[in-house]
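This report concerns only the one structure given below.
Shown next, in the form of structure tokens:
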């Protein structure tokens, strides 16, 4: 491959890395054509972009970005695919779902991930990543917590108003 071609590919990888808030490094080599197609379809449905890259080109692309990604470099052996997403837990859930479909499945194999400015290395982190709440889910939780006291006040005022109305009606009927 020519040097100009390599630099174009490195620039493309770096640009794609900048487009998404998180990415996962997985091993997909060894999947047959049918399973690879199934994985690509599942990625498309989940709004995840899947890209197969050469490790050296990925390292150069990561080096061109802001931040230190050197923790990930040791796992860049063999074939590497990158799963890009703007939802931090989506690729982890997809990997777990694919692995759950087949009893003895070992691929795709999770290598590392960059999620919300944090690096996770090793397959033991896959469960943790699958349970992490996305930014939108956390915002929804905070809003629900903030709305709860207001709903309680409105509910108390509403129920108190009907009680007060009942008492006044009873008193007015008594005097008559």
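In this note's numbering, the protein residues as written are 22 to 197. Even glycine gets a Cβ: it sits at the ideal position worked out from N, Cα and C.
message: Taking only three categories from DSSP, how would you classify residue 135?
response: Position 114 of the chain shown, counting from 1, holds the residue named residue 135. Here residue 135 sits in strand by DSSP.
task: On a CA-only basis, which of 153, 152, 43, 81 is nearest residue 133? Give me that one, please.
output: As a first step, residue 133 must be located in the chain shown, where it is residue number 112. Nearest option by C-alpha distance: 43.
- prompt: When burial is assigned at 16 or more other CB atoms within 10 Å of the CB, is residue 93 buried or exposed?
  reply: As a first step, residue 93 is located in the chain shown; it is residue number 72 there, counting from the start. It is buried - the Cβ of residue 93 has at least 16 other Cβ atoms within 10 Å.
Rounded C-alpha distance that separates residue 60 from residue 121: In the chain shown, the residue the question calls residue 60 occupies position 39. In the chain shown, the residue the question calls residue 121 occupies position 100. Approximately 13 Å, taken between the alpha carbons.
query: Taking Cβ positions, are residue 79 and residue 34 nearer each other than 8 Å?
result: Position 58 of the chain shown, counted from the start, is the residue given in the question as residue 79. Position 13 of the chain shown, counted from the start, is the residue given in the question as residue 34. Yes; because the gap between Cβ atoms is below 8 Å, this pair is in contact.
field: Local Cβ density within 10 Å of residue 106, reported as buried at 16 or more and exposed below that
entry: Here residue 106 corresponds to residue number 85 of the chain shown, with the count starting at 1. Label assigned to residue 106: buried.
query: With burial defined as no fewer than 16 other Cβ atoms inside 10 Å of the residue's Cβ, what is the status of residue 101: buried or exposed?
result: Your numbering for residue 101 matches position 80 in the chain shown. It counts as buried.
Run of the alpha helix (DSSP H) containing residue 79, from where it starts to where it stops: The sequence position of residue 79 within the chain shown is 58, counting from 1. Start and end: 76-84.
query: Exposed or buried, which one is residue 104 when buried takes at least 16 other CB atoms within 10 Å?
result: Residue numbering aside, residue 104 sits at position 83 when the chain shown is read from its first letter. By the neighbour-count rule (16 or more Cβ atoms within 10 Å), residue 104 is buried.
task: Output the boundary residues of the alpha helix (DSSP H) element that contains residue 28.
output: Position 7 of the chain shown, counted from the first residue, corresponds to residue 28. Residue 28 -> alpha helix (DSSP H) spans 24-40.
query: Where does residue 157 land, buried or exposed, given buried means 16+ other C-beta within 10 angstroms?
result: Along the chain shown, read from residue 1 onward, the residue named residue 157 stands at position 136. It counts as exposed.
query: Closest by CA to residue 76, which one among 48, 63, 53, 65?
result: Position 55 of the chain shown holds residue 76. The candidate whose alpha carbon is nearest that of residue 76 is 48.
query: Whose C-beta lies closer than 8 Å to the C-beta of residue 98 among residues of the same chain, with five residues either side of it excluded?
result: The residue given as residue 98 occupies position 77 in the chain shown. Excluding sequence neighbours, residue 98 sits near 76.
task: Classify residue 101 as helix, strand or coil using the three-state DSSP reduction.
output: Position 80 of the chain shown, counted from the first residue, corresponds to residue 101. Here residue 101 sits in strand by DSSP.
field: Opposing strand residues paired with residue 70 [DSSP bridges]
entry: Position 49 of the chain shown, counting from 1, holds the residue named residue 70. According to DSSP, residue 70 bridges with 105.
message: Would residue 85 and residue 31 be called neighbours here (beta carbons separated by less than 8 Å)?
response: Sequence index remark: in the chain shown, residue 85 carries index 64 (1-based). Sequence index remark: in the chain shown, residue 31 carries index 10 (1-based). In contact: residue 85 and residue 31 (Cβ atoms closer than 8 Å).
Inter-residue CB distance, residue 69 and residue 112 (contact presumed, cutoff 8 Å): What you label residue 69 is simply residue 48 of the chain shown in a count that begins at 1. What you label residue 112 is simply residue 91 of the chain shown in a count that begins at 1. Contact holds; Cβ gap of about 6 Å.
task: Kindly identify the DSSP beta-bridge partner or partners of residue 130.
output: Taking the first residue of the chain shown as 1, we reach residue 130 at position 109. Answer by DSSP bridge pairing, in chain order: 48.
task: Put residue 164 into one of helix, strand or coil per three-state DSSP.
output: The sequence position of residue 164 within the chain shown is 143, counting from 1. Helix.
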